[in-house]
Amino acid sequence: MERTTAGFPREAVADRLLSASVRTSYDPMVDIDWSAPPVPGAYWLPPSRSSLYGTPLWEAMTEDQRVELTKHEVTSAASAGIWFETILMQMLIRQYYDADPTSRHAQYALTEVADECRHSIMFGRLIEAAGAPVYRAEPFDHLLGRWLKSTATGPQMYAAILIAEEILDSFQREIMADESLQPLIRMVSRIHVVEEARHVRFARDELTRQVEAAGPVAMAYARLVIGRAAYSITRRLVHPRAYAAVGIDPAAGRAAARANPHWRATLRWSAQRIADHLTELGLVAGPGRVLWRRAGLVEG
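All residue numbers for the sequence shown refer to this note's numbering, where the first residue is 1 and numbers rise by one.
What follows is the structure in structure tokens.
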């Protein structure tokens with residue numbers, strides 16, 4: 001019987017996740033009040049998690065501008081979430097194409113695709129309700145995503161899934177617990193956290209299995225792809241055009257964020273759990289680690 005390193009059969013893990021999906025799933029179209037207006041003066045994420053917090057640009061902004069910036073940072077992250085969830089769904093469907101449709105593992109993959117369909121709709125409605133633009137991936141990242149969804153298999157597929165999910169999860173767990181923030185973003189975050197917890201469990205279980213089966217050449221290639229995925233996902237969190245919404249030149253805003261020790265500490269905080277996990281599996285090393293460092297996710 002095939003087992004993970006934790007000793008659980010692959011099918012048993014998927015069966016438990018299917019049962020959990022029945023017990024706790026949401027329909028954002030029903031469970032969120034999209035007609036409720038934003039609360040005046042309430043931030044969309046904790047101010048200390050803004051990419052410009054603590055910089056001279058932040059100090060020069062009015063309170064209304066700071067609130068507005070956090071709204072655009074949240075909708076930029078939601079735009080990135082849609083981008084990556086679209087990639088994720090296509091990777092899972094591509095794998096399902098060759099799977100046994102009677103297996104619980106394949107059935108949970110379809111369940112996750114259904115969850116991600118709802119999440120992408122939810123993020124789209126969030127952007128619309130906030131009155132913000134869709135912050136699309138830049139041309140190179142758009143092409144990279146097209147390549148990843150079409151080719152990724154093995155460790156790099158599930159590691160890329162985990163990087164995107166766990167970085168967003170760190171922000172959203174904090175957001176949903178902060179009663180001072182906008183009710184809309186707190187509810188969106190709560191739904192995403194609850195359902196993504198199952199996706200993370202599924203991906204971690206499968207990633208361990210894929211690493212155990214990979215040879216040295218496959219692992220070396222995976223480290224590079226994973227490093228580039230981590231770099232692209234991090235760069236996509238705050239689109240430079242988000243700064244223009246509060247009158248800041250996009251290039252100046254991006255440069256200030258990259259140099260901002262508060263933001264760099266936030267990025268390391270958001271990625272610590274997944275960076276530690278992938279390091280333990282031997283997937284953050286060699287040239288790939290340089291990309292993690294350039295993204296600001298690890299030190300040294």
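Positions of the beta carbon are idealized from the N, C-alpha and C atoms, including for glycine. For clarity, every value in this text was computed on a predicted model and none was experimentally measured.
Are three or more beta carbon pairs between the region 215 to 224 and the region 188 to 207 nearer than 8 Å? no
Measure the Cβ-Cβ separation of G154 and A222 and say whether it is below 8 Å. yes
State the DSSP-derived secondary structure class of M61, mapped to helix, strand or coil. coil
So which of S76, A251, T111, R236 has the shortest CA-CA distance to L45? S76
Could you check which residue in A78, E68, E11 has the C-alpha nearest to that of Q305? With the chain running from 1 to 300 in the structure shown, residue 305 is simply not present.
Given R173, which residues of its chain have a CB within under 6 Å of its CB, disregarding the five upstream and five downstream residues? V193
Please confirm whether A265 and L297 have their CB atoms less than 8 Å apart. no
If you drop the 5 nearest sequence neighbours on each side, which residues of the same chain put their C-beta closer than 6 Å to that of E195? D115
Cutting at 7 Å between CB atoms, please list the residues of its own chain near I93, excluding the five before and the five after it. V113
If you drop the 5 nearest sequence neighbours on each side, which residues of the same chain put their C-beta closer than 6 Å to that of S120? I82, E85
Under a Cβ-count criterion, where at least 16 other Cβ atoms within 10 Å of its own Cβ denotes burial, should F171 be classed as buried or exposed? buried
Excluding the 5 residues preceding and the 5 following R136 in the sequence, name in chain order all residues of the same chain whose CB lies nearer than 7 Å to its CB. S79
Thinking just about the alpha-carbon of each residue, which of K71, Y43, M187, I226 is nearest to the one in W292? I226
L126 and L184 - do their beta-carbons sit closer together than 8 Å? yes
Helix, strand or coil for R258? Go by DSSP, reduced to three states. helix
Identity of the residue in P28, A197, S180 nearest I167 by Cα: A197
Chain B contact for T208 (CB, 8 Å cutoff): Considering every chain present, this structure includes no chain B. It has just one protein chain.
Looking at the secondary structure, which residues open and close the alpha helix (DSSP H) in which R309 lies? Any question about residue 309 goes unanswered here, given that the chain covers just 1 to 300.
Going straight from the alpha carbon of V67 to that of T151, what length do you get? 40 Å
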